[in-house]
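K.L.:
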Amino acid sequence: MKIATWNVNSLRARADRVEAWLQRSDCDVLAIQETKCKDENFPWELFERMGYEVAHFGLSQWNGVAIASRVGLDNVERTFLDQPAFGKGGKDPVQEARAIAATCGGVRIWSLYVPNGRSLEDEHMPYKLQWLDTLKNHAQGWLAEDPSAQIALMGDWNIAPTDDDVWDIDFFRDGGYTHVSGPERAAFEAFETAGYTDVVRPFTPGPGVYTYWDYTQLRFPKKEGMRIDFVMASPGLAARVSGASIDREERKGKGASDHAPVIVDVAS
DNA sequence: ATGGTCGCGAGGCGA
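The first sequence maps to residues 2 to 269 in our numbering.
So this is what it looks like as structure tokens:
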């Protein structure tokens with residue numbers, strides 16, 4: 002079974018690319034982030050045409066997560082329990098469309114779009130850290146209930162866990178940018194402590210291996226990217242992973258997302 | 001590649 006995660010940066014703008022990618026990647030499950038639409042604008046027929054069931058969670062033109070599967074799509078969950086909410090400009094806090102789960106081919110798939118901290122001092126940063134901590138506590142609990150559980154926490158984590166995961170750590174440190182700060186890295190490492198493993202890195206060692214390249218500043222042709230999209234697998238699932246890759250080709254050309262798909266091969 | 005982003009949605013925000 003092949004499972005993949007991809008921040009598509011608008012599903013409607015990327016519909017042709019997504020369809021072509023599904024065709025040639027031959028993946029069984031695709032966790033999508035940043036659909037950037039509500040259900041009423043979701044391209045359902047694209048997935049039907051390709052033989053995939055799909056579940057979507059989108060509340061506005063921002064965020065939005067989905068899971069497409071051709072190996073079953075059961076027990077769909079939108080948001081995780083007590084998922085921290087964010088209120089903009091004093092408005093009522095809302096649980097944003099950043100997490101959806103489904104059981105596909107015996108694996109509990111979570112498509113995650115971790116909040117962007119925006120800046121180290123911004124109120125989005127404590128939101129991001131709390132969001133991750135709450136999810137981690139659940140993830141830890143799932144393993145306590147069933148140590149052999151098949152769980153994939155996959156998506157755009159908006160964290161570069163090691164210095165090799167950005168094109169120039171000094172640029173980020175000196176500029177005071179997010180994604181590389183101590184608290185963010187600690188929040189990510191807490192998932193590893195809880196028993197989850199980045200199953201892609203061993204098959205795609207760095208440095209210089211990335212999943213995201215900013216549209217500006219010619220970052221892609223200059224090979225200036227970031228590794229921020231991850232598949233974190235429970236021990237039971239990690240033991241079955243036989244390969245992984247980052248489809249850097251998909252970042253090329255006109256009309257590409259700023260993220261590349263990340264693919265994991267799971268042995269049956 | 002001597003340049004300099006996208007997408008949404010209709011102005012400016014978010015990434």
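Built from N, CA and C at the ideal position, the CB exists for glycine as well.
Note down, in chain order, each residue of its chain lying with its Cβ closer than 7 Å to the Cβ of Ala98, except the 5 sequence neighbours on either side.
P.N.:
The residue given as residue 98 occupies position 97 in the first sequence. So the list reads Phe58, Gly59, Leu60, Asn64, Gly65 and Val66, once near-sequence residues are dropped.
K.L.:
Could you tell me how far apart the beta carbons of Val263 and Thr6 are, in whole angstroms, since I believe they sit closer than 8 Å?
P.N.:
Along the first sequence, one-based indexing puts residue 263 at 262. Along the first sequence, one-based indexing puts residue 6 at 5. Contact holds; Cβ gap of about 5 Å.
K.L.:
Under 8 Å, with one C-beta from each stretch per pair, do the stretch 199 to 208 and the stretch 137 to 147 reach the 3-pair mark?
P.N.:
Because the criterion of three Cβ pairs below 8 Å is not met, the stretch 199 to 208 and the stretch 137 to 147 do not touch.
K.L.:
How would you call Trp132, buried or exposed, if buried means at least 16 neighbouring beta carbons within 10 angstroms?
P.N.:
Position 131 of the first sequence, counting from 1, holds the residue named residue 132. Buried: at least 16 other Cβ atoms inside 10 Å.
K.L.:
Along the chain, where does the beta strand (DSSP E) that runs through Gln131 open and close?
P.N.:
Position 130 of the first sequence, counting from 1, holds the residue named residue 131. Note, Gln131: premise wrong, no beta strand (DSSP E); alpha helix (DSSP H) at His125 to Glu146.
K.L.:
Alpha carbon to alpha carbon, what distance is there between Lys39 and Gln62?
P.N.:
Within the first sequence, numbered from 1, the residue matching residue 62 stands at position 61. Within the first sequence, numbered from 1, the residue matching residue 39 stands at position 38. Going by the C-alpha atoms only, they are around 7 Å apart.
K.L.:
Here's a check: name, in chain order, each residue in its chain whose Cβ is nearer than 6 Å to the Cβ of Arg79, leaving out the five neighbours to either side.
P.N.:
Within the first sequence, residue 79 is the residue found at index 78, counting from 1. So the list reads Phe58 and Ile101, once near-sequence residues are dropped.
K.L.:
Check whether the stretch 108 to 123 and the stretch 147 to 163 touch, using three or more Cβ-Cβ pairs below 8 Å as the test.
P.N.:
Result yes; three or more Cβ-Cβ pairs closer than 8 Å.
K.L.:
Using three-state DSSP, classify Leu74 as helix, strand or coil.
P.N.:
Taking the first sequence and counting its residues from 1, one reaches residue 74 at position 73. Coil at Leu74, not helix or strand.
K.L.:
Run through the DSSP bridge pairs and tell me what Val242 is partnered with.
P.N.:
Taking the first sequence and counting its residues from 1, one reaches residue 242 at position 241. According to DSSP, Val242 bridges with Val267.
K.L.:
Between Ala14 and Ile68, is the Cβ-Cβ spacing less than 8 Å?
P.N.:
Sequence index remark: in the first sequence, residue 14 carries index 13 (1-based). Sequence index remark: in the first sequence, residue 68 carries index 67 (1-based). Not in contact: Ala14 and Ile68 (Cβ atoms no closer than 8 Å).
K.L.:
Put Gly156 into one of helix, strand or coil per three-state DSSP.
P.N.:
Taking the first sequence and counting its residues from 1, the one referred to as residue 156 is at position 155. DSSP places Gly156 in strand when its eight states are reduced to three.
K.L.:
Indicate the three-state DSSP secondary structure (helix, strand or coil) for Ile170 in the structure shown.
P.N.:
Within the first sequence, numbered from 1, the residue matching residue 170 stands at position 169. The answer is helix: DSSP assigns Ile170 an H, G or I state.
K.L.:
Would you kindly check if the distance between the Cβ of Asn8 and the Cβ of Asp266 is under 8 Å?
P.N.:
Residue numbering aside, residue 266 sits at position 265 when the first sequence is read from its first letter. Residue numbering aside, residue 8 sits at position 7 when the first sequence is read from its first letter. No; because the gap between Cβ atoms is not below 8 Å, this pair is not in contact.
K.L.:
For the stretch 34 to 116, list the alpha helix (DSSP H) runs that are entirely contained and at least 4 residues long, ordered along the chain.
P.N.:
Fully enclosed alpha helix (DSSP H) runs of 4 or longer: 45 to 51.
K.L.:
If I'm right that Gly106 touches Val30 with Cβ under 8 Å, what's the distance once you round it to whole angstroms?
P.N.:
As a first step, residue 106 is located in the first sequence; it is residue number 105 there, counting from the start. As a first step, residue 30 is located in the first sequence; it is residue number 29 there, counting from the start. Between Val30 and Gly106 the Cβ distance is about 7 Å, and since that is below 8 Å, they are a contact.
K.L.:
Go ahead and pull the three-state DSSP assignment for Phe231.
P.N.:
Looking up residue 231 in the first sequence gives position 230. Note: Phe231 maps to strand in three-state DSSP.
K.L.:
What does a CB cutoff of less than 6 Å around Ala234 pick up in its chain, not counting 5 residues either side in sequence?
P.N.:
By 1-based counting over the first sequence, the position of residue 234 is 233. So the qualifying residues of the chain are Ala153, Thr198 and Val200.
K.L.:
I need the DSSP call for Ala32, collapsed to helix, strand or coil.
P.N.:
Taking the first residue of the first sequence as position 1, residue 32 is located at position 31. Reduced to three states, the DSSP call for Ala32 is strand.
K.L.:
Is the distance from the Cβ of Met126 to the Cβ of Asp166 below 8 Å?
P.N.:
Counted from its first residue, the first sequence places residue 126 at position 125. Counted from its first residue, the first sequence places residue 166 at position 165. For Met126 and Asp166, no; Cβs fall outside 8 Å.
K.L.:
Quick one: what's Lys3 bridged to in DSSP?
P.N.:
Taking the first sequence and counting its residues from 1, one reaches residue 3 at position 2. Paired residue(s): Asp266.
K.L.:
Excluding the 5 residues preceding and the 5 following Asn259 in the sequence, name in chain order all residues of the same chain whose CB lies nearer than 7 Å to its CB.
P.N.:
Walking along the first sequence from the start, residue 259 turns up at place 258. It should be noted that the sequence gives Asp, not Asn, for residue 259. Correct list, in chain order: Asn10, Tyr213, Trp214, Asp215 and Tyr216.
K.L.:
Ordered along the chain, which non-local residues of its own chain (more than five positions away) have a Cβ less than 8 Å from that of Ala16?
P.N.:
If you number the first sequence from 1, residue 16 lands on position 15. Closer than 8 Å at Cβ, skipping near neighbours: Pro44 and Leu47.
K.L.:
In three-state terms, what does DSSP make of Asp17?
P.N.:
The residue labelled residue 17 in the question sits at position 16 within the first sequence. Helix.
K.L.:
In whole angstroms, give me the CA-to-CA distance for Pro236 and Met2.
P.N.:
Translated into the one-based positions of the first sequence, residue 236 becomes position 235. Translated into the one-based positions of the first sequence, residue 2 becomes position 1. Going by the C-alpha atoms only, they are around 17 Å apart.
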